[in-house]
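Counting from 1, position 127 in the sequence shown corresponds to residue 127 in our numbering; the numbering is continuous, with no gaps. Backbone N, C-alpha and C fix where the C-beta goes; we use that ideal spot for every residue, glycine too.
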Amino acid sequence: MLKGPRGFSFVELMVVVTIISLLLAIAAPNYWHAKELALFTACVENRRVLEKAETHYLLAHNEHSLGPPSVLIKEGYAPEGARCPEGGVYYWVSYPVNDPRYHSEVGCSIHGTDKEHNSNLDEPKPKPKPKPKPKPKPKPKPKPKPKPKPVPERRRRTAQPFQ
């Protein structure tokens with residue numbers, strides 16, 4: 001038979017709860033950020049699939065598709081899964097008819113276009129301007145040491161006999 005207290009003390013339980021809370025506080029923001037980034041990346045890739053499907057449609061029919069990008073999915077030029085994972089609606093970005101980009105860029109009602117997020121890999125990202133180096137401060141000139149004052153000559157005392 002066991003003798004003595006059984007179970008954990010209140011302090012031990014509180015230490016464990018505190019440690020678990022700290023781990024969750026550190027891990028939860030990283031998890032949500034990774035999830036948002038994954039959904040955004042999936043949307044970007046789905047839009048690129050639709051842009052390529054439009055090119056295939058143009059080559060096959062010698063004209064642009066006249067409907068929204070979802071028409072390309074219905075006609076079999078793009079896979080069924082080429083939809084925004086967050087439920088956004090895809091649309092064609094408007095360019096003039098004589099522009100070579102006409103009907104070639106797909107936007108999303110939630111995530112916008114590639115150019116808004118600078119996520120288009122075909123265009124290089126602008127390099128940040130280097131910060132100007134601060135000018136070095138001039139070293140202060142050392143103050144000249146004052147010349148020592150001449151010491152007046154002292155007369156020597158000579159030993160005199162006691163009187």
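**Asked** So, helix, strand or coil for residue 108, using DSSP?
**Response** Residue 108: strand per DSSP, three-state reduction.
**Item:** Simplified DSSP assignment, three categories, for residue 34
**Value:** Helix.
**Request:** Measure the alpha-carbon distance for residue 13 versus residue 19 and round it to whole angstroms.
**Result:** Distance between the alpha carbons of residue 13 and residue 19: 10 Å.
**Supposed close pair residue 50, residue 29 - CB separation, criterion 8 Å** = With 8 Å as the limit, residue 50 and residue 29 do not qualify as a contact, their Cβ atoms being about 32 Å apart.
**Message:** Tell me the DSSP secondary structure of residue 91 in three-state form.
**Reply:** Note: residue 91 maps to strand in three-state DSSP.
**Separation of residue 45 from residue 56, as counted between CA atoms** = Rounded to the nearest whole angstrom, the C-alpha separation of residue 56 and residue 45 is 17 Å.
**Request:** Measure how close the beta-carbons of residue 113 and residue 93 come, nearest whole angstrom, since I'm counting them as under 8 Å.
**Result:** That belief holds up - the Cβ atoms of residue 113 and residue 93 are roughly 6 Å apart, short of 8 Å.
**Message:** Along the chain, where does the alpha helix (DSSP H) containing residue 70 start, and where does it finish?
**Reply:** For residue 70, the uninterrupted alpha helix (DSSP H) run begins and ends at 70–74, by DSSP.
**Item:** Sequence-distant residues of the same chain with beta carbon closer than 6 Å to residue 53, five excluded per side
**Value:** In the same chain as residue 53, and ignoring 5 residues on each side of it, the C-beta atoms closer than 6 Å to its own belong to 72, 77, 78, in chain order.
**Request:** Could you tell me if the beta carbon of residue 150 falls within a distance shorter than 6 Å of some heavy atom in the ligand NAD?
**Result:** Of ligands this structure carries none, so the ligand NAD is not represented either.
**Item:** Residues near residue 104 in its chain [Cβ-Cβ closer than 7 Å; skip 5 each side]
**Value:** Counting only Cβ-Cβ distances below 7 Å, and skipping sequence neighbours, we find 51, 54.
**Asked** According to DSSP, is residue 46 helix, strand or coil?
**Response** In this structure, residue 46 counts as helix in the three-state DSSP scheme.
**Item:** Distance between residue 23 and residue 85 (C-alpha atoms, nearest Å)
**Value:** About 29 Å.
**Asked** For residue 107, which residues of its own chain have a beta-carbon under 6 Å away from its beta-carbon, when the five flanking residues on both sides are left out?
**Response** For residue 107, where only same-chain residues beyond five positions count, the Cβ hits under 6 Å are 91, 93, 113.
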